[in-house]
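Colleague: Below: one structure in structure tokens.
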Amino acid sequence: MRFSNCRFPSNCMTTEILNVEPPRPTHQRTALFEAHQQCGGKIVPFAGWELPVQYAGVKAETLAVRDNCGVFDVGHMGQFDVWGEGATAFLNSAVTADWSKTRVGRASYGLLLTSSGGILDDVMGYRLEEERWLVVVNASRIDQDEALLRSLLPESVSFNNRLATQAMIAIQGRGAEAVLQPFCGSNLSDFAFRDAREAEVLGEKCVIARGGYTGCDGFEWMGSAEVAPRLWQALLEQGALPCGLG
């Protein structure tokens, strides 16, 4: 039950991506850092962030996800908005999968490639409109991914890195739908696996996707850093167990 920050070693990068801006300061904190401290999370360095590796323990958290619901702070993951005429063709020029076949309201997986065909990162693309996407990338590759995508960006396509305002919570397990539904304005039972739609949670706009990396049913909430602490607390009060990335 791990949320990997990078599934490929750093030596997969080719030299044209190595000459990017200096990395961000180490030990960044997500919008939920104080909540982790208050809940007794064991904080460790993780891909340049301070994140909980565990709370009650890996075994207890694994069983919570299998039997009911666990929640994970994955706010360290990068989120890019990509929109404008030709946005889909632009993303197709950078990833291995044919994202033009992704229907609006669906998500697709792909590998982000350098100009020489090397693997830089594995990414998820959420097609919110015909020419508007949310792309989620791994924490340790945020700067490199942004540099590559901006180097390919056509004039008709706009790009925004959400880092300063973003948050992301994974609600995972067989009880995930029941835990999240009271706070969501959309009927979560209408979401199939890999559906991704704009919705409202706690009255605030966000993106909800059905999926995750635990091997169980679940959802990923991508929204405002200001809303994240309220949602985290609401999910815990609804019966979810806080889980670390261990």
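When the count follows the working numbering, it moves up by one through the sequence shown with no breaks and lands on 310 for the last residue. Glycine included, every Cβ here is placed at the ideal spot set by N, Cα and C. Nothing here was measured: the structure is a model prediction, and the numbers come from that model.
1. Look at the alpha carbon of E85 and the alpha carbon of H91, and state the distance between them as a whole number of angstroms.
2. Judging by CA-CA distance, which residue of G237, R274 and A231 is the nearest neighbour of R294?
3. Ends of the beta strand (DSSP E) at E262?
4. Under the three-state reduction of DSSP, which class applies to P86: helix, strand or coil?
5. Buried or exposed: where does A99 fall if 16 or more other Cβ atoms within 10 Å of its Cβ makes it buried?
6. Taking the C-alpha atoms as reference points, what is the distance between Q297 and L244?
7. Just grab the DSSP bridge partners of C103 for me.
8. Quick one: using the 10 Å Cβ neighbour count with 16 as the cut-off for buried, is T278 buried or exposed?
9. Report buried or exposed for V164, applying the criterion of at least 16 other Cβ atoms within 10 angstroms of its Cβ.
10. DSSP three-state label for L252, please.
11. The beta strand (DSSP E) with K269 in it runs from where to where?
12. Whose CA, out of T160, L198 and L266, lies closest to the CA of Q143?
13. Nearest to E284 by alpha carbon, out of V168, Y190, F223 and G267?
14. Please classify F223: does DSSP put it in a helix, a strand, or coil?
15. Measuring only the C-alpha atoms, how far is A211 from D162?
16. Can you tell me whether P116 is buried or exposed? The criterion is at least 16 other CB atoms within 10 Å of its CB, across all chains shown.
17. Quick check on DSSP: helix, strand or coil for D185?
18. In angstroms, rounded to a whole number, what distance separates the CA positions of A128 and R93?
19. Report yes if the C-beta distance between G287 and A240 is below 7 Å; otherwise report no.
20. Taking the beta strand (DSSP E) that W285 belongs to, which residues open and close that run?
21. Can the beta-carbon of T178 be found closer than 7 Å to that of S172?
22. If you draw a straight line from the alpha carbon of V146 to that of I107, how long is it in whole angstroms?
23. Does the separation of the CB atoms of G27 and C133 fall below 7 Å?
24. Can you tell which of R170, R226 and I233 has the C-alpha that lies nearest to the C-alpha of F327?
25. What are the partner residues of Q236, as DSSP defines its beta bridges?
Modeller: In short, the structure shows the following:
1. Any reading at E85 must be qualified, since the residue scores a pLDDT of 47, below 50, and its modelled position is unreliable; the value itself is stated next. Roughly 18 Å between the two C-alpha positions.
2. A231
3. A260 to V265
4. Here the model assigns P86 a pLDDT of 49, short of 50, so the residue's position is not dependable, and the following value carries that caveat. Three-state result, P86: coil.
5. buried
6. 12 Å
7. Per DSSP, none; premise fails for C103.
8. buried
9. Here residue 164 turns out to be Ser, not Val, going by the sequence shown. Exposed: under 16 other Cβ atoms inside 10 Å.
10. helix
11. E268 to R274
12. L198
13. Y190
14. strand
15. 22 Å
16. buried
17. strand
18. 25 Å
19. no
20. G282 to S288
21. no
22. 33 Å
23. Lying before the first or after the last residue shown, residue 27 is absent from the chain, which here runs from 65 to 310.
24. Only positions 65 to 310 of the chain appear in this structure, which leaves residue 327 out of reach.
25. G134 and G282
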